[in-house]
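**Student:** In our numbering, the protein residues as written are 1380 to 1617.
Handing you this structure, nothing more for now.
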């Protein structure tokens, strides 16, 4: 009789453990399935417009108009060119290392900044304390199903719309930009660089393209701190 009681107790205990395991298993499986994308590599071309194009001293026609993002499951690069070829800002992020390298060309000078683990790329505003509220609005951007959210920047009071997609299978694609809390690839968003408020909207997605292995910056590029790179960029934009 005693052995039967013990056996019944052990069976109930195993049943409880089995139920808990199944709940956790299916919860994790459903979560992963929701975020599995169709594409593991590609190239996205973004159009850049300016929400305050008259803020700087440059003719707005000289400002950068395009950003290119190239990615695979291990890394991504993004580059912005402008100012009649006198300016290039590029970033290389390795997802597994959680680190990024930023390259800046200003006139005939080249600079490189090596970020620490989990440190955001240079040279955009960090959007400290930014709050993001997601909703159920969807739209297609550059052929990618994109979800909507509203971002609020407490330091400026600015509020703007952003869109991101889960069609691309990347784990934490924004780990080195201000949208680190968004788990999808951005298709429409805003960044601040110097005096300019830049809006990026994806225009073209090329899933067959593979990213370059590096930023291809010159060997004589000067290694600088974040503050020094921001200073060099601000001098150009004043």
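Even glycine gets a Cβ: it sits at the ideal position worked out from N, Cα and C.
Note that the structure is a prediction, hence the values are computed from the model and not measured.
Drop a sphere of 10 angstroms on the beta-carbon of residue 1604, count the other beta-carbons inside from all chains shown, and report buried for 16 or more, exposed for fewer.
**Tutor:** Counting Cβ neighbours within 10 Å, residue 1604 comes out exposed, since fewer than 16 surround it.
**Student:** So, at 6 Å on beta carbons, what are the nonlocal neighbours of residue 1561 in its own chain, with the 5 sequence-adjacent residues on each side left out?
**Tutor:** Taken in chain order, the residues that qualify are 1543, 1553.
**Student:** Excluding the 5 residues flanking residue 1517 on each side, which residues of the same chain have their C-beta closer than 8 Å to its C-beta?
**Tutor:** Taken in chain order, the residues that qualify are 1524, 1525, 1526, 1527.
**Student:** For residue 1469, is the classification buried or exposed, using 16 other Cβ atoms within 10 angstroms of its Cβ as the cut-off for buried?
**Tutor:** When all chains shown are included, residue 1469 counts as buried.
**Student:** Leaving out five residues before and five after residue 1452 in sequence, what residues of the same chain have Cβ atoms less than 6 Å from its Cβ?
**Tutor:** Closer than 6 Å at the Cβ level, and outside the excluded window around residue 1452, lie 1419.
**Student:** Under 8 Å: do the stretch 1475–1485 and the stretch 1503–1510 share three or more Cβ pairs, one atom per stretch?
**Tutor:** Flag = no, the stretch 1475–1485 and the stretch 1503–1510 do not touch.
**Student:** Taking residue 1586 as the reference, give the member of 1559, 1602, 1484, 1521 with the closest Cα.
**Tutor:** Among 1559, 1602, 1484, 1521, the Cα nearest to that of residue 1586 is on 1521.
**Student:** How many Å lie between residue 1496 and residue 1428 at the Cα?
**Tutor:** Using only the alpha carbons, I get a separation of about 31 Å.
**Student:** Please list, in chain order, all residues of the same chain as residue 1482 whose beta carbon is under 6 Å from its beta carbon, the five residues on each side excluded.
**Tutor:** So the qualifying residues of the chain are 1469, 1491, 1594, 1596.
**Student:** Pull up the distance between the alpha-carbon of residue 1498 and that of residue 1557, whole angstroms please.
**Tutor:** Distance between the alpha carbons of residue 1498 and residue 1557: 10 Å.
**Student:** Does residue 1515 pass the burial test, meaning 16 or more other C-beta atoms within 10 Å, or should it be called exposed?
**Tutor:** It counts as exposed.
**Student:** Give the DSSP-derived three-state secondary structure of residue 1466 in the structure shown.
**Tutor:** In this structure, residue 1466 counts as strand in the three-state DSSP scheme.
**Student:** Might you give, ordered along the chain, the residues of its own chain that have their beta carbon closer than 6 Å to the beta carbon of residue 1581, omitting 5 neighbours on each side?
**Tutor:** Closer than 6 Å at the Cβ level, and outside the excluded window around residue 1581, lie 1423, 1425, 1520, 1521, 1566.
**Student:** Compute the distance between the beta-carbons of residue 1489 and residue 1508, then report whether it is under 8 Å.
**Tutor:** No. Outside cutoff.
**Student:** Which stretch, first to last residue, makes up the beta strand (DSSP E) that contains residue 1603?
**Tutor:** Where residue 1603 is concerned, there is no enclosing beta strand (DSSP E), given that its DSSP letter is neither H nor E.
**Student:** Please look up how many angstroms separate the CB atoms of residue 1374 and residue 1615, rounded, as I've assumed it's under 8 Å.
**Tutor:** The displayed coordinates of the chain run from 1380 to 1617. Any statement about residue 1374 would go beyond what the structure contains.
**Student:** Around the C-beta of residue 1577, are 16 or more other C-beta atoms found within 10 angstroms, so that it is buried, or is it exposed?
**Tutor:** Answer is buried; the Cβ neighbour count reaches 16.
**Student:** State yes or no: is the C-beta of residue 1579 within less than 8 Å of the C-beta of residue 1446?
**Tutor:** Yes, they are a contact pair.
**Student:** Which runs of the beta strand (DSSP E), 3 residues or longer, sit entirely within the stretch 1449–1517?
**Tutor:** You should have 1454–1461, 1466–1473, 1478–1485, 1488–1493.
**Student:** Are the Cβ atoms of residue 1570 and residue 1485 separated by less than 8 Å?
**Tutor:** No, these two residues do not count as a Cβ contact at 8 Å.
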